[in-house]
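In my numbering, the protein residues as written are 116 to 300. Cβ atoms here follow ideal geometry from the backbone N, Cα and C, with glycine treated the same way.
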Ligand code: SF4
């Protein structure tokens, strides 16, 4: 939530709308970690540079699920660097945020990740099977559009190239994905 409103948030005022943003952001983080925890414990895979940090964050999920009611509780989560995980469905990945490694911070000085400016080579990226499934579905949709006779040639070519790129990301995930050895989370 606050990643999408980082311009105003950068002022660091913590009252009013900013407190609400913090609570909603913390709840979104908890939802992301809960989904990740459930996926990993049922055999889903995870890949990309931040995969192990995402697994570590998911392991702490049961401690705070359902407990975010106050601004203080929200800040406890948002200030814990081990829990700063944001889903970025638009980019088919999750951001396991570490500001020291954040490539988006090199084009913006906000204090939260700029999910709308996510860079594909960032070390904070993790990708789950869920994201890989979304990649495949989106690639299939683009391929269908590219095959349509109503689409002009140059546009069809760009759609096909984009679809091939997404397929490549999915293939890389399938090659690299880690799976928990034991259901210990
Ligand atoms: S560039 Fe890195 S830090 Fe920024 S949103 Fe993407 S994964 Fe997160």
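#1: Nearest to residue 237 by CA position, among 261, 278 and 214, is which residue?
#2: Using a Cβ-based criterion (distance less than 6 angstroms to any ligand heavy atom), does residue 196 qualify as near ligand 1?
#3: Put residue 294 into one of helix, strand or coil per three-state DSSP.
#4: Could you check whether residue 162 and residue 216 sit closer than 7 angstroms to each other, using their CB atoms as the reference points?
#5: Tell me whether residue 269 is buried or exposed, calling it buried when 16 or more other Cβ atoms sit within 10 Å of its Cβ.
#6: Below 6 angstroms, is the gap between the Cβ of residue 234 and the nearest heavy atom of ligand 1?
#7: Answer with buried or exposed for residue 231, where buried requires no fewer than 16 other C-beta atoms within 10 angstroms of its C-beta.
#8: If you run the structure through DSSP and keep just helix, strand and coil, what is residue 256?
#9: Answer yes or no: the CB of residue 151 versus the heavy atoms of ligand 1, is any distance below 6 angstroms?
#10: Would you give the residue range spanned by the alpha helix (DSSP H) that residue 227 belongs to?
#11: Of all the alpha helix (DSSP H) runs that stay within the bounds of the region 156 to 210, which reach a length of 4 or more residues?
#12: Just the Cα atoms here: how many angstroms apart are residue 272 and residue 255?
#13: With distances taken Cα to Cα, identify the nearest neighbour of residue 199 among 137, 252 and 296.
#14: I believe residue 294 touches residue 160 by the beta-carbon criterion, under 8 angstroms. Please report the beta-carbon distance rounded to the nearest angstrom.
#15: Between which residues of its own chain and residue 244 is the CB-CB distance below 8 angstroms, once the five residues before and five after are set aside?
#16: For residue 151 and residue 173, what's the separation of their Cα atoms in angstroms?
The answer reads as follows:
#1: Nearest to residue 237 by alpha-carbon distance, out of 261, 278 and 214, is 214.
#2: Closer than 6 angstroms to some heavy atom of ligand 1: that does not describe the Cβ of residue 196.
#3: Looking at residue 294 - three-state DSSP - the assignment turns out to be coil, as it is neither helix nor strand.
#4: The Cβ atoms of residue 216 and residue 162 lie no closer than 7 angstroms to each other.
#5: When all chains shown are included, residue 269 counts as exposed.
#6: The answer is yes for residue 234.
#7: Counting other Cβ atoms within 10 Å of its Cβ, residue 231 stays below 16 and is therefore classed as exposed.
#8: In the three-state reduction of the DSSP assignment, residue 256 falls in the helix class.
#9: Not so, every heavy atom of ligand 1 lies at least 6 angstroms from the Cβ.
#10: No alpha helix (DSSP H) holds residue 227; DSSP gives it neither H nor E.
#11: 166 to 174 and 186 to 193, all fully within the region 156 to 210.
#12: When rounded, the distance between both Cα atoms is 14 angstroms.
#13: The option with the nearest alpha carbon to residue 199 is 137.
#14: Indeed they touch by this definition, with Cβ atoms about 5 angstroms apart.
#15: If we look at residue 244 and ignore the five residues flanking it on each side, its Cβ neighbours are 154, 159, 160, 161, 288 and 292.
#16: Going from the Cα of residue 151 to the Cα of residue 173 covers about 6 angstroms.
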